Amino acid sequence: MSDIADRGYANPEVLVSTDWVAAHLDDPAIRIVESNEDPLLYSSGHMPGAVEVDWTRDLNHPLRRDYLERDGFETLMRRIGVTSDTTVVFYGDKTNWWATYAFWVFQLFGHDRAKVMDGGRLKWEREGRPLTTDVPTYPAAAYRAPDRDDTRIRVFRDEVLAHVRANLPLVDVRSPEEFSGERLHMPAYPNEGALRGGHIPGAANVPWARAVNAEDGTFKLAAQLRAIYQDEVGLRRDDDVIAYCRIGERSSHTWFVLTHLLGFPRVRNYDGSWTEWGNLVNVPIEK
Amino acid sequence: MAALPNKLAKLLRLIGRTQDRQERIQLLIDFSRRYRPVPPDVASPPYAEQFKVPACESQAYVFPEPNDDGTLTFHFAVENPQGISAMALAAILGDALSGAPLEQVAAVSPDVVYEIFGRELSMGKSMGLTGMVALMAGFARSRLAQED
């Protein structure tokens with residue numbers, strides 16, 4: 149894969165290579181954060197110096213279906229030794245699906261000194277780079293976070309409904325089977341957590357993984373991404389776009405692509421996603 | 005309601021005795037290292053869809069092999085090299101359910117996944133892992149139905 153700087157991304161500085169990370173493993177200004185779907189993976193071996201941020205334990209509100217609030221975020225940042233000057237580099241399994249989710253949550257608190265390692269954990273492993281089971285500890289850092297800002301990059305159901313009625317674009321990043329609602333009707337499949345199958349009216353189906361190269365998990369070139377999201381789907385750079393999936397994790401990956409790699413200024417992630425929409429009473433659904 | 009297969013009950017007791025999340029994780033990682041892919045004389049890629057664990061993002065497969073005593077031996081393929089939870093579950097269930105009475109295997113609830121991994125699983129991960137249990141129970145039910 150070509151150098152990140154040569155790929156035509158709108159914000160190339162938000163993406164770093166495995167080489168870059170390897171050269172910054174001991175950099176005190178950098179905190180490397182592993183975020184996975186698989187709860188066993190970090191403990192089985194991780195990048196030297198990397199801390200784990202777990203979606204269920206660290207980023208969720210302990211009671212409500214919501215994200216942690218300011219106090220919780222400050223506690224998390226103290227635990228992982230991050231100050232407002234620390235650059236956080238995320239990586240993880242599933243070609244950074246969960247890493248971009250953690251990245252997105254960090255943006256709700258405005259921690260914009262944040263990057264994602266291209267190719268994620270699998271690329272690091274395949275390159276034979278070091279892994280350790282030593283869990284690092286860092287001195288608790290003083291961190292003052294602003295209140296969580298849910299207005300810029302997050303969207304709630306009422307706003308989604310207004311978006312649909314205004315015929316504005318949505319991207320459903322689930323699989324074609326989930327998009328069509330077919331999966332809910334296959335008896336062998338567990339319920340998708342929703343009473344109804346299908347998708348939000350007007351949504352285009354672009355499975356999140358189309359944005360990455362299957363062979364090494366790196367992000368595709370900007371021109372290839374434009375061919376998918378702009379030429380094929382018809383999104384325009386100045387569109388107001390909502391991305392969603394089942395609970396907002398896969399769609400944070402697409403949010404990252406549209407926002408940072410293609411430079412769309414107004415993309416929001418609907419984390420209620422299908423587990424909310426497919427259970428709501430009297431909202432429109434398409435199949 | 006059939007009792008849990010003996011080996012499974014024993015393994016669940018072992019896992020239940022772990023003191024904290026980290027100890028449980030370490031135990032499950034140890035199990036994952038016992039995972040062995042399906043021998044080529046039982047199945048080789050490309051694997052048929054009927055053996056695929058539904059909704060499992062680690063691309064896991066379960067292959068039932070009939071034993072002379074009418075029970076089943078279960079083999080697995082986990083295609084995602086980072087699918088360590090799927091490997092752990094495969095190792096646990098392969099050991100615990102192979103050779104167990106089919107009525108008992110057929111009655112194993114997918115909720116056993118939460119006894120093994122705890123509740124802190126993503127929805128996708130839960131679906132994949134519970135899907136593995138459901139598929140194995142389904143193979144046992146099919147086998148029982150053939151015997152009738």
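Which chain is which? The protein sequence lines are A and B, in order.
So in the numbering used here, spot 162 of the first sequence is number 310, and the numbers just go up one at a time.
So in the numbering used here, spot 87 of the second sequence is number 91, and the numbers just go up one at a time.
Backbone N, C-alpha and C define an ideal beta-carbon position, used for all residues, glycine too.
Everything numeric in this text was worked out from a predicted model, so none of it was measured.
First and last residue of the uninterrupted alpha helix (DSSP H) at residue i
i: M136 of chain B; result: M127 to E151
i: D306 of chain A; result: R305 to R313
i: V415 of chain A; result: Looking at the DSSP string, V415 of chain A is not in any alpha helix (DSSP H); the run it does join, the beta strand (DSSP E), is R414 to Y418.
i: I29 of chain B; result: R25 to S36
i: R179 of chain A; result: Careful: R179 of chain A lies outside any alpha helix (DSSP H), inside the beta strand (DSSP E) at I178 to E182.
i: I152 of chain A; result: No alpha helix (DSSP H) contains I152 of chain A, which DSSP labels as neither H nor E.
i: D99 of chain B; result: I88 to L101
i: P324 of chain A; result: P324 to S328
i: G193 of chain A; result: Looking at the DSSP string, G193 of chain A is not in any alpha helix (DSSP H), and its letter there is neither H nor E.
i: G396 of chain A; result: Neither: G396 of chain A is in no alpha helix (DSSP H) and is coded neither H nor E.
i: I19 of chain B; result: N10 to G20
i: A110 of chain B; result: L106 to A110
i: T243 of chain A; result: D241 to L256
Span of the beta strand (DSSP E) around residue i
i: D320 of chain A; result: L318 to D320
i: M225 of chain A; result: From DSSP, M225 of chain A is part of no beta strand (DSSP E) but of the alpha helix (DSSP H) over R218 to R227.
i: F67 of chain B; result: A64 to P70
Under 7 Å by beta carbon: chain B residues contacting residue i
i: I395 of chain A; result: M127
Cβ-Cβ distance between residue i and residue j below 8 Å
i: M136 of chain B; j: C60 of chain B; result: yes
i: R226 of chain A; j: Y291 of chain A; result: yes
i: P187 of chain A; j: F80 of chain B; result: no
i: A391 of chain A; j: V283 of chain A; result: no
i: T248 of chain A; j: S400 of chain A; result: yes
i: R179 of chain A; j: V199 of chain A; result: yes
i: V57 of chain B; j: G132 of chain B; result: yes
i: A293 of chain A; j: G229 of chain A; result: no
i: G240 of chain A; j: N184 of chain A; result: yes
i: R394 of chain A; j: G341 of chain A; result: yes
i: F78 of chain B; j: L101 of chain B; result: yes
i: G365 of chain A; j: G276 of chain A; result: no
i: L410 of chain A; j: L373 of chain A; result: yes
i: F510 of chain A; j: V389 of chain A; result: Shown here, chain A extends from 149 to 435; a query on residue 510 of chain A therefore has no answer.
i: V381 of chain A; j: I348 of chain A; result: no
i: E319 of chain A; j: V354 of chain A; result: What sits at residue 319 of chain A in the sequence shown is Val, not Glu. For V319 of chain A and V354 of chain A, yes; Cβs fall inside 8 Å.
i: G220 of chain A; j: G345 of chain A; result: no
Reference residue i; option with closest CA among the options
i: I433 of chain A; options: A:G350, A:L369, A:N417 and A:E182; result: A:G350
i: P85 of chain B; options: B:V112, B:R37, B:E69 and B:A110; result: B:R37
i: R25 of chain B; options: B:G103, B:V42, B:R123 and B:Q150; result: B:R123
i: L93 of chain B; options: B:P50, B:L12, B:V46 and B:T75; result: B:L12
i: D115 of chain B; options: B:T134, B:A52 and B:E107; result: B:T134
i: Y118 of chain B; options: B:Q108, B:E107, B:G103 and B:S89; result: B:S89
i: E307 of chain A; options: A:Y418, A:R179 and A:D386; result: A:Y418
i: P50 of chain B; options: B:T22, B:V82 and B:V109; result: B:V82
i: D72 of chain B; options: B:V109, B:P44, B:P105 and B:D152; result: B:P105
i: N208 of chain A; options: A:Y190, A:V169, A:V253 and A:G197; result: A:V253
i: S126 of chain B; options: A:W246, A:D386 and A:L343; result: A:W246
i: R40 of chain B; options: B:D99, B:Q23, B:G103 and B:A111; result: B:D99
i: K271 of chain A; options: A:N353, A:G396, A:F367 and A:E397; result: A:F367
i: G107 of chain B; options: B:M91, B:P70, B:R147 and B:A95; result: Note that residue 107 of chain B is Glu in the sequence shown, not Gly. Considering only alpha carbons, the answer is B:R147.
i: M91 of chain B; options: B:I33, B:P9, B:R28 and B:I29; result: B:I33
i: T231 of chain A; options: A:H259, A:R212, A:Q255 and A:F238; result: A:H259
i: E326 of chain A; options: A:A171, A:T423, A:T235 and A:A262; result: A:T423
i: K242 of chain A; options: A:V429, A:V360 and A:N430; result: A:V360
i: Q255 of chain A; options: A:R416, A:V431 and A:W356; result: A:R416
i: Y215 of chain A; options: A:D298, A:T234, A:R398 and A:A310; result: A:D298
i: R261 of chain A; options: A:R269, A:A357 and A:F238; result: A:F238
i: P44 of chain B; options: B:E69, B:E151 and B:P9; result: B:E69
Amino acids of chain B, ordered along the chain, whose beta-carbon sits closer than 8 Å to that of residue i
i: L437 of chain A; result: This structure cannot speak to residue 437 of chain A, because chain A is shown only from 149 to 435.
i: R269 of chain A; result: Q86
i: S191 of chain A; result: Q26, I29, Q30 and I33
Contact set between residue i and chain A, taken where Cβ atoms lie within less than 9 Å
i: F121 of chain B; result: P187 and L188
Under 8 Å by beta carbon: chain A residues contacting residue i
i: E124 of chain B; result: P187, D202, T204 and R205
Sheet register partners of residue i (DSSP bridge)
i: F121 of chain B; result: Per DSSP, none; premise fails for F121 of chain B.
i: E434 of chain A; result: A:H347
i: K368 of chain A; result: Partner(s): none; K368 of chain A has no beta bridge.
i: P41 of chain B; result: B:F80
i: A262 of chain A; result: A:V236
i: K56 of chain B; result: B:Y65
i: E424 of chain A; result: Paired residue(s): none; E424 of chain A is not in a bridge.
i: Y215 of chain A; result: A:N208
i: D388 of chain A; result: A:R414
i: L163 of chain A; result: A:V264
i: N353 of chain A; result: A:D320
i: T280 of chain A; result: A:H194
Per-residue contacts from residue i into chain B (C-beta, under 9 Å)
i: G341 of chain A; result: M127 and M131
Interface partners of residue i on chain C, CB under 8 Å
i: D241 of chain A; result: Checking the listed chains, one finds no chain C in this structure; the protein chains it contains are A and B.
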